[in-house]
Amino acid sequence: MTSHQHAANPAQNYLNHPKGVWSWLTTTDHKRIALLYLFTILLSFFAGGVAALVMRTELMFPGHDLVSADTYNRLFTLHGVLMIFLFIVPGIPATMGNFLLPLMIGAKDVAFPRLNLLSYYIYVIGALFGVAALANPVDTGWTFYTPYSMDTGTSVVLMTAAAFILGFSSILTGLNFIVTVHKLRAPGMTWSRLPVFVWGTYATAVIQTLATPVVGITLLLLIMERLMGVGIFDPKLGGDPVLFQHMFWFYSHPVVYIMVLPAFGVVGEIIPVFSRKPLFGYRIVCLSSLAIAIIGFVVWAHHMFVAGISDTAAIYFSIITFAVAIPTAIKVFNWVSTMYKGSIRFDTPMLYAMGFVFLFLVAGTTGIYLAALAADVFYHDTYFVVAHFHYTIQGGAVIGLMAALHFWFPKMTGKMYNETVGKIAWILVFIGFNLTFIPQFGLGMEGMPRRYYDYLPEFQSMHSLSTIGAYVNAFGYSFALFNLLWAWIFSKNYAPANPYESLSLEWQTPSPPPTENFVETPIVTDWTYGYGTPLKSGAH
Amino acid sequence: MSAHHHDSHSGHGEGFHGELGHVVPYKTYLAILIWLLILTVVTVAAAQVDFGAMNAVVAMIIASIKALLVATIFMHLKFENPVTWLYALFPIVLLAILLAGLFIDNPFRTDPQHATEAAQHAANRLAVILRIG
Amino acid sequence: MSHGLFRTEWVAGEPPDIHHMDVPTAYDAAKLGMWLFLATEILLFGGLFAAYALFHWAYPTEFHHASKELNWKIGAFNTCVLLISSFYAALSVDAAQHNNNKKVVRYLLITLGCGLIFLVVKYFEWTGKASHGLFPGTSGEHGAFNSPEFNHSYRMFFGLYYCMTGLHALHVIIGMAILAWAANLARKGRFSKRYYTPVEVGALYWHLVDLIWIYLFPLLYLVG
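Chains as they are written, first to last, in numbering that gives the first Met the number 0: chain A, 0 to 539; chain B, 0 to 132; chain C, 0 to 223.
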């Protein structure tokens with residue numbers, strides 16, 4: 000597939016050269032920046048997880064057990080802000096996207112390496128603003144709905160400023176990736192030979208760049224409202240609180256595609272490798288990424304069906320929301336078709352990828368329930384919604400990140416992790432996740448509202464099940480990530496350049512790669528998915 | 000896609016002697032400036048005429064002509080590739096979508112006190128269309 | 000490895016040695032990157048315009064009356080100032096394309112001068128409004144701006160006016176900083192037809208500032 004690569008000095012790679020903390024803090028190497036992001040976002044994941052466990056513990060039994068209603072409000076706000084703005088939105092793009100994009104297209108780095116580092120530091124500054132907001136944690140929910148967010152005495156200004164700054168980081172990363180894909184592809188790497196992960200990252204970057212400014216101005220206006228009292232969101236002053244929701248969701252719906260499109264890309268890379276079969280329907284899979292990005296821009300008010308929008312608007316947004324399921328379903332059919340009659344290896348990355356397909360199927364179909372107007376009148380603001388979006392975000396994007404971390408672990412660290420532990424951790428994650436959220440679909444159907452710290456006794460058994468599931472889930476993730484960390488630091492099981500026999504460019508360079516990625520610029524002559532024909536190693 | 004081979008120290012030695020960006024004649028820039036100033040006068044003049052609900056639309060159309068002149072000539076968009084055009088125009092499409100969303104909502108909201116009546120009207124009309132009422 | 004964080008050495012008139020892109024690619028990439036950034040700015044201001052559009056639709060007569068408090072002649076003057084500044088920004092790129100660093104400096108200084116005039120005029124507009132009680136925290140012939148009795152649509156119109164022109168003024172300042180940086184490099188003889196990227200992308204950013212005002216002026220000062 001590529002021209003001959005001669006081995007670089009295996010001792011010198013991007014991890015150990017140059018040395019020293021300062022060289023890491025001032026790096027412009029996309030691979031190091033990816034790791035900086037990874038470390039930071041996993042901290043946020045952990046913190047957001049702790050908030051979740053405190054909430055679930057409170058909800059184990061009815062009544063006030065652990066926290067008051069006010070504290071509970073601050074907890075679910077913190078959980079949302081940490082998980083969304085600090086963890087899963089940077090998520091796969093900032094980590095795996097940064098690491099893989101130049102490698103997969105045969106480039107030495109992204110288009111603007113210094114801007115890449117600046118993106119990271121802007122993220123850190125945003126995170127620090129968020130920490131500053133902990134002086135008086137916000138209680139509005141991560142959605143900051145007006146009019147309450149204008150009136151509440153909590154640190155809304157600091158928290159929304161944090162989100163604004165984090166958005167800036169997202170915009171600059173997206174911009175960098177778009178220019179990288181357009182300008183830095185290696186000779187022969189045409190658009191129709193790009194790995195689906197690159198297509199997914201590109202579609203994500205378009206959303207990152209173009210949708211984020213709208214939430215930026217929305218949050219800025221909220222800050223102006225609190226500081227200056229303009230009146231545009233304040234019904235007492237002739238304003239419209241629903242305007243805030245329109246502007247907020249105009250970004251926040253596309254943001255869910257920022258979260259999940261890269262995960263689609265990850266799954267599209269893993270399944271062909273572990274089925275030893277070309278990706279079925281490559282072209283339509285790539286186009287479906289773009290279709291999701293575009294359709295994702297026109298469906299936002301399905302978050303607002305009962306907010307007081309007109310019937311006309313509600314009907315329109317409901318119909319279009321059904322449409323967004325179609326390109327996603329196309330992907331699911333293509334992944335499954337890839338596996339059909341393939342020679343499947345159930346290594347840990349493949350388990351996560353297959354888990355993703357199942358969990359996202361549940362996510363997507365429960366989304367259809369919510370898209371139907373009459374049903375949503377009942378389901379809105381119940382646990383049904385909570386379960387649905389956790390299936391999409393956690394079952395989708397987070398599982399996708401776990402799949403990616405396991406698949407590319409050998410490339411990033413030069414080591415292999417313990418496969419048995421990886422599998423056991425996966426079982427715990429899968430069981431724990433479903434145990435947490437299937438009862439929540441039940442709770443929603445029974446009418447249990449979301450964001451409540453207390454509930455009627457009839458909901459108790461499902462809540463208790465969900466809480467147990469949450470603990471199993473948390474333990475599973477901790478076990479999986481600890482396994483990886485352990486292997487990175489202590490393992491002596493060194494990885495070859497291409498342990499899974501993938502045809503993609505990033506595997507045609509040593510594990511870990513040298514700083515400049517490729518000793519000679521690759522020349523691409525074929526697409527990434529030519530599995531099924533014999534490889535040099537004799538495998539297929 | 001260019002096919003030159005790089006080693007790990009690209010860019011050294013050989014200079015690039017082609018033309019980087021398009022050179023626009025001074026006279027063109029000056030002509031555009033004059034047109035822009037004229038259109039500013041037109042903007043003010045048009046504002047003296049009452050087009051009713053179309054006042055804002057007329058003003059925005061004239062502004063868009065000025066914007067197009069600045070973008071295509073001053074900013075050299077006229078000589079740029081399709082990808083740049085795409086990303087220059089896509090935001091406008093997105094803003095149009097945002098406005099569309101706002102304006103199929105707000106003007107069509109019904110007073111909640113009369114919601115039942117409105118729903119009944121809508122149901123009646125739908126029944127007539129479907130020939131079941 | 001030549002990709003350090005701070006590139007300080009350069010050769011007059013020669014493009015910097017970027018290790019992973021050749022010269023035309025680096026130039027194209029920089030332009031595309033700036034256009035993408037401008038796209039984000041259009042969306043940032045666009046959100047404000049959308050909010051404005053909604054309330055303009057909701058309160059047409061009140062907004063029209065409120066806008067009469069603004070002096071359209073000053074607005075028109077500022078429009079011309081920015082149009083002329085854009086003209087000179089375009090000329091500065093042209094000068095660089097003709098290897099003339101001295102003209103680059105001269106034209107950028109004129110652009111900066113226009114920007115300064117714009118900001119000074121804006122300052123007097125705002126303080127003028129404040130002295131009439133039409134600025135948050137002030138009071139005048141219409142009452143106290145922040146009191147509940149103050150005309151709601153006046154407050155909304157002016158709130159939007161200050162947000163929109165304020166955000167715009169902030170971008171004028173940022174644009175001036177970028178152009179000042181480019182002018183300083185030109186003063187040292189940095190540019191030639193083989194390398195003038197900072198002038199090009201700086202001018203692009205500046206034109207955006209002009210573009211936004213082209214829409215702000217009629218909307219706020221004439222239509223209301």
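Ideal placement from N, C-alpha and C gives every residue a C-beta, glycine not left out.
What you are looking at is a predicted structure, and each value in this text was computed from that prediction instead of being measured.
### Query
Between A:Ser528 and chain B, is there a C-beta pair that is closer than 8 Å?
Correcting the residue type first, residue 528 of chain A is Tyr in the shown sequence and not Ser. It does not: the Cβ of A:Tyr528 has no partner Cβ on chain B nearer than 8 Å.
query: To the nearest angstrom, how far is it from the Cα of C:Ala50 to the Cα of A:Asp233?
result: 13 Å
*asked:* Please list the terminal residues of the continuous alpha helix (DSSP H) segment that includes C:Gly136.
replied: Looking at the DSSP string, C:Gly136 is not in any alpha helix (DSSP H), and its letter there is neither H nor E.
C:Ser91 touches chain B at which residues, Cβ-Cβ below 8 Å? Simply none; closest approach about 11 Å.
- For A:Lys414, the residue or residues it bridges with in DSSP: A:Tyr493
>> Taking DSSP's pairing of strands, which residues face C:Tyr220 in a bridge?
In response: In the DSSP output, where bridge partners are listed per residue, C:Tyr220 has none listed.
Checklist entry - Taking any Cβ of chain A, which residues in the stretch 79–97 of chain B have a Cβ under 7 Å from it, in chain order? => result Val82, Phe89, Pro90, Leu93, Ile96 and Leu97
**Asked** Taking Cβ to Cβ, would you say A:Ser342 is nearer than 8 Å to A:Ser274?
**Response** yes
Quiz item: Smallest Cα separation from C:Gly197: which of C:Leu178, C:His206, C:Leu37 and C:Arg186?
Solution: First, the amino acid is wrong: residue 197 of chain C is Pro here, not Gly. It is C:Leu178 whose Cα lies nearest to the Cα of C:Pro197.
For C:Trp9, which residues in chain B fall below 7 Å Cβ to Cβ? None at all; the shortest Cβ gap to chain B is about 13 Å.
Worksheet item: Taking just the CA atoms, how far does A:Thr347 sit from A:Gly295?
Response: 31 Å
Just the C-alpha distance for A:Ser43 and C:Tyr220, rounded to the nearest angstrom, thanks. 47 Å
- Query: Could one say the Cβ of C:Ser138 lies closer than 8 Å to chain A's Cβ atoms, at least one of them?
  - Reply: Closer than 8 Å: no.
Hey, does C:Leu37 have any beta-carbon neighbour from chain A nearer than 8 Å? With 8 Å as the cut-off, C:Leu37 does not count as an interface residue toward chain A.
| request: Please go through the same chain and pick out, in chain order, the residues whose beta-carbon is closer than 8 Å to the beta-carbon of A:Ala396, but skip the five residues on each side of it. | output: Ile87, Gly90, Ile91, Met258, Val259, Pro261 and Ala262
- Message: With H, G and I counted as helix, E and B as strand and the rest as coil, what does DSSP make of A:Pro448?
- Response: Of the three classes helix, strand and coil, the one that applies to A:Pro448 here is strand, per DSSP.
Spell out the partners DSSP gives C:Ser85 in its beta bridges.
Note: C:Ser85 sits in no beta bridge, so no partner.
Item to complete: Mind reading off the beta-carbon distance from A:Thr435 to A:Ala479? Whole number of angstroms is fine, and I expect it under 8 Å.
Response: Not quite, the Cβ-Cβ distance comes to about 16 Å (not below 8 Å), so this is no contact.
- Message: Here's a check: name, in chain order, each residue in its chain whose Cβ is nearer than 6 Å to the Cβ of C:Gly223, leaving out the five neighbours to either side.
- Response: Phe62, His63 and Ser66
Segment contact, 8 Å Cβ cut-off, at least three pairs: the stretch 314–334 of chain A with the stretch 351–365 of chain A:
Contact between the stretch 314–334 of chain A and the stretch 351–365 of chain A is established, with three or more Cβ pairs separated by less than 8 Å.
Open item on the list: Beta carbons nearer than 9 Å to chain E: which residues of the stretch 190–224 of chain A have them?
Closed with: Of the protein chains in the structure, A, B and C, none is chain E.
Among A:Gly441, A:Ser477, A:Leu483 and A:Asn482, which has the Cα closest to the Cα of A:Ser463? A:Gly441
Cutoff 8 Å: A:Val376 Cβ touching any chain B Cβ: no
Would you list the residues sitting across from C:Ala143 in a DSSP beta bridge? C:Ser138
inquiry  = Using a Cβ-Cβ cutoff of less than 7 Å, which residues in the same chain neighbour A:Val471 once the five nearest sequence positions on both sides are dropped?
reply    = Leu427, Ile430, Gly431 and Leu434
* **the stretch 122–156 of chain C: positions lying closer than 8 Å to chain B by Cβ** => Considering only beta carbons, no part of the stretch 122–156 of chain C lies closer than 8 Å to chain B.
Review point. How is B:Glu116 classed by DSSP in three states: helix, strand or coil?
Key: helix
What residues match up with C:Ser191 in a beta bridge as DSSP calls it? Beta-bridge analysis with DSSP links C:Ser191 to C:Tyr194.
Can you tell me where the alpha helix (DSSP H) holding B:Asn54 begins and where it ends? Asn54 to Leu68
Using C-beta distances below 7 Å, list every residue in its chain close to B:His21, excluding the 5 sequence neighbours before and after it, in chain order. His75 and Phe78
I'd like the list of long-range same chain contacts for C:Pro15, defined as Cβ closer than 7 Å, with 5 residues on each side in sequence excluded. Result list for C:Pro15: Arg6 and Trp9, in chain order.
Say whether the stretch 223–238 of chain A touches the stretch 131–141 of chain A, bearing in mind that this needs 3 or more beta-carbon pairs closer than 8 Å, one atom from each stretch.
no
Short of 7 Å in beta carbon distance, which residues of its chain neighbour A:Leu114, apart from the five on each side in sequence? Order them along the chain. Leu171 and Asn175
Quiz item: Cα separation between A:Val213 and A:Arg73?
Solution: A:Val213 and A:Arg73 have their C-alpha atoms spaced approximately 25 Å apart.
Original post:
For A:Thr311 and chain B, any beta-carbon pair shorter than 8 Å?
Top reply: yes
Provide the residue(s) that pair with A:Thr381 in DSSP beta bridges, ordered along the chain. A:Pro448
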